[in-house]
Amino acid sequence: MVVKFLDLKKQYLSIKEEIDSAIFRVIENSAFIGGDEVLRFEEEFSAFLGGGVRTLGVGNGTDALEIAIQSLNLPQGGEVLIPANTFVATAEAVVRNGLKVVFVDCGQDYTLDISDLESKITPACVAIVAVHLYGQSARMNEILKLAKNYGLKVIEDCAQSHGATYNGEKVGTFGDIGAFSFYPGKNLGAFGDGGMIVSRDSLLLRRCREIAHHGGLKKYEHNIVGRNSRLDSIQAAILRVKLRYLESWNARRREIAGLYLEALRGLPNIALPEVKESCVCVWHLFVIRSLKRQALREALQREGIEYGLHYPLSLPNTPAYSKVAFVRETACKNATLWQDEILSLPMGEHLENEEAQRVVEVLKDALCG
Ligand SMILES: Cc1ncc(COP(=O)(O)O)c(C=O)c1O
């Protein structure tokens, strides 16, 4: 039995008619940039998030983060606290804005460790990027409190957490501004690139719109030096269809996670993911840790079970982000230790119970056999 890490074809086939007609509608109308589909998706995604946030579609999640940070007009060279364990785009968005990265260690839930975060705040710090990693919210109460005490802006990186909640509110509704990615493999994924900026602050969103649309709000209006980053109309039409399924797909991810957690609990040499009481996790990834990772990888591979490593190197240990002027060097003990232990199991609504059970069997054999 082959168990896929991700199965976008299966997902497409399950909603083929709706997707095909959405794509066809865009072609028929031939409004390929902007227009009704993008506007309606922005409205529908705002309504999905709640909390009074408004949204702006952009080209991808990296652009969303970069433009969101630019809109805050932070002082050049200011320091931005970000997790050591995240996808590299989080760091890129900071550096591309002329700001300095300060890496913060991760806690047991793989999001920002609050005591490490506080210990790394200096007068040079201007913002925190809270990444809701693997589908689980960061500790937003504590982060918002620190931000308030030290006068820092909060940017939420929600690329892995569409629909995740913290104290009953959706991620993306807590910070000054937030960013989503619709990369195909995300919980809500397009058929190509796509991204979204979210904020309650209409002035910030307006600035983002200017930045993303060649520096103006109207054609041939260039108030500032801008750039081009737009959510494609075909992608918006596809995302509108998929948004209607997101909650049920996330619920199915929770079922698979429940099955894994129950079956793997108590086994030797394995640390299971922990979900905070305040959170509903949407399980973008199901990440275990093991000192026997190599044996587990070999067993999974032998049995045709796909897996991932998120991420093989924590960012401070990558050539691009170690010993460089735009990073304040700090220790991130857990992130460095865990980069050699983490292993992402197949996760998604595509999985049948038997497939998840097969994953469990293979892990059990490798750990105990
Ligand atoms: C945590 C995180 N931030 C940002 C991004 C960037 O998104 P994109 O690939 O759409 O540029 C991703 C996804 O790839 C991500 O996982």
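When we follow the working numbering, the leftmost residue of the sequence shown carries the number 4, and every step to the right adds one. Beta carbons are placed, not taken as given, at the ideal position from N, Cα and C, and that holds for glycine.
- Message: Quick check: does the Cβ of Y324 come within less than 7 Å of any heavy atom belonging to ligand 1?
- Response: Every heavy atom of ligand 1 is 7 Å or more from the Cβ of Y324, so no.
- Message: Given the structure, does A162 come close to ligand 1, in the sense that its CB is under 7 Å from one of the ligand's heavy atoms?
- Response: Because some heavy atom of ligand 1 lies under 7 Å away, the Cβ of A162 counts as near it: yes.
- Message: Applying the 10 Å Cβ sphere with the 16-neighbour rule, what's the burial state of R142?
- Response: Label assigned to R142: buried.
- Query: Is A359 helix, strand or coil when you go by DSSP?
  - Reply: A359 sits in a helix when the DSSP states are folded into three classes.
- Query: Cα-Cα, which of L370, V365, F177 and T333 is closest to I124?
  - Reply: Comparing Cα positions, the closest option is T333.
- Message: ligand 1 and T65: does the residue's C-beta get closer than 7 Å to at least one heavy atom of that ligand?
- Response: Result yes, Cβ under 7 Å from ligand 1.
- Using the Cα positions of A96 and C282, report the straight-line distance between them to the nearest angstrom. The C-alpha of C282 is placed about 26 Å away from the C-alpha of A96.
- What's the gap between the Cα of I146 and the Cα of I18? In a straight line, the C-alpha of I146 is about 39 Å away from that of I18.
- Query: Is it true that the region 25-38 meets the region 157-173, where meeting means three or more beta-carbon pairs spaced less than 8 Å apart?
  - Reply: Taking one beta carbon from each stretch, the region 25-38 and the region 157-173 have fewer than 3 pairs nearer than 8 Å; the two do not touch.
- Could you tell me if the beta carbon of D235 falls within a distance shorter than 7 Å of some heavy atom in ligand 1? At a threshold of 7 Å, D235 does not count as near ligand 1, since its beta carbon sits no closer than that to any of the ligand's heavy atoms.
- In whole angstroms, what separates the C-alpha of F183 from that of Q163? Roughly 8 Å separates the two Cα atoms.
- Is the CB-CB distance between F27 and L246 below 8 Å? Taking 8 Å as the Cβ cut-off, F27 and L246 do not qualify as a contacting pair.
- Query: Between the region 345-352 and the region 286-305, do three or more beta carbon pairs fall short of 8 Å?
  - Reply: The region 345-352, when compared against the region 286-305, does touch it at the 8 Å Cβ threshold.
- Flag this pair as yes or no: are the beta carbons of A167 and C284 separated by less than 8 Å? Yes, these two residues count as a Cβ contact at 8 Å.
- Message: Give me the DSSP bridge partner(s) of E172.
- Response: In DSSP, E172 forms a bridge with Y169.
- Item | Residue range of the unbroken alpha helix (DSSP H) whose run includes V98 | V98 -> alpha helix (DSSP H) spans A92 to V98.
- Message: For G166, would you say it is in contact with chain C, using Cβ-to-Cβ distances shorter than 8 Å as the test?
- Response: No chain C is present in this structure, which holds just one protein chain.
- Item | Assigned secondary structure, T65 (DSSP; H/G/I helix, E/B strand, else coil) | Assignment of T65 by DSSP, reduced to helix, strand and coil, places it in the helix class.
- Query: Do you know offhand how far L264's Cα is from L275's?
  - Reply: Looking at the two C-alpha atoms, the distance is approximately 7 Å.
- Counting Cβ pairs, one atom from each stretch, are 3 or more of them under 8 Å apart for the region 124-138 and the region 69-89? The count of Cβ pairs closer than 8 Å, one atom from the region 124-138 and one from the region 69-89, reaches three, so the stretches are in contact.
- Please report the Cβ distance between Y310 and V104, rounded to the nearest whole angstrom; I am assuming they are in contact, meaning their Cβ atoms lie under 8 Å. That belief does not hold up - the Cβ atoms of Y310 and V104 are roughly 29 Å apart, past 8 Å.
- Verify the contact flag: L262, CB atom, against every heavy atom of ligand 1, threshold strictly below 7 Å. L262 Cβ: outside cutoff for every heavy atom of ligand 1.
- Task: Would you mind sorting D235 into buried or exposed? The rule is 16 or more other CB atoms within 10 Å of its CB.
- Result: A residue is called buried once 16 or more other Cβ atoms fall within 10 Å of its Cβ, and D235 is buried on that count.
- Using a Cβ-Cβ cut-off of 6 Å (strictly less than) and excluding sequence neighbours within five positions of G55, which residues of its own chain qualify? Counting only residues of its own chain and dropping the five nearest sequence neighbours on each side, G55 has a CB closer than 6 Å to the CB of R203.
- Query: Any chance the CB of Y248 is under 7 Å from a heavy atom of ligand 1?
  - Reply: Proximity of the beta carbon of Y248 to ligand 1 is not indicated: no heavy atom of the ligand is located closer than 7 Å.
- Does the beta-carbon of H225 have 16 or more other beta-carbons within 10 angstroms, so that it is buried, or is it exposed? Result: exposed.
- Message: The beta strand (DSSP E) that contains R292, what's its start and end?
- Response: Per DSSP, R292 belongs to the beta strand (DSSP E) from F289 to R292.
- Message: Among E45, V228, L149 and L84, whose alpha-carbon lies nearest the alpha-carbon of I70?
- Response: Selection E45, V228, L149 and L84 evaluated against I70 yields V228 as nearest (Cα-Cα).
- Going by beta carbon distance, what residues of the same chain come within less than 6 Å of D179, once the five residues before and after it are set aside? The beta carbon of D179 sits closer than 6 Å to the beta carbons of K156 and V157 from its chain, once the five residues preceding and following it are set aside; these are given in chain order.
- Task: Pull up the distance between the alpha-carbon of A239 and that of Y248, whole angstroms please.
- Result: Near 15 Å, if we compare the C-alpha coordinates of Y248 and A239.
- Query: Which whole runs of the alpha helix (DSSP H) in the region 8-45 are 4 residues long or more, in chain order?
  - Reply: Runs of the alpha helix (DSSP H) inside the region 8-45: 11-17 and 19-32.
- Within 8 Å, strictly: CB atoms of A193 and I117: In this structure, I117 does not lie closer than 8 Å to A193 by Cβ.
- Task: Using the Cα positions of L11 and K189, report the straight-line distance between them to the nearest angstrom.
- Result: Rounded to the nearest whole angstrom, the CA to CA distance from L11 to K189 is 10 Å.
- Please name the residue, chosen from S122, K221, P187 and R233, that lies closest to I200 on a Cα-to-Cα basis. Checked all of S122, K221, P187 and R233; the closest Cα to I200 is R233.
- Query: In terms of residue numbering, what span does the alpha helix (DSSP H) encompassing G261 cover?
  - Reply: Here the alpha helix (DSSP H) through G261 covers S236 to L267.
- Task: Could you please give me the residues that DSSP links to A302 through a beta bridge?
- Result: Beta-bridge partners of A302 (DSSP): none assigned.
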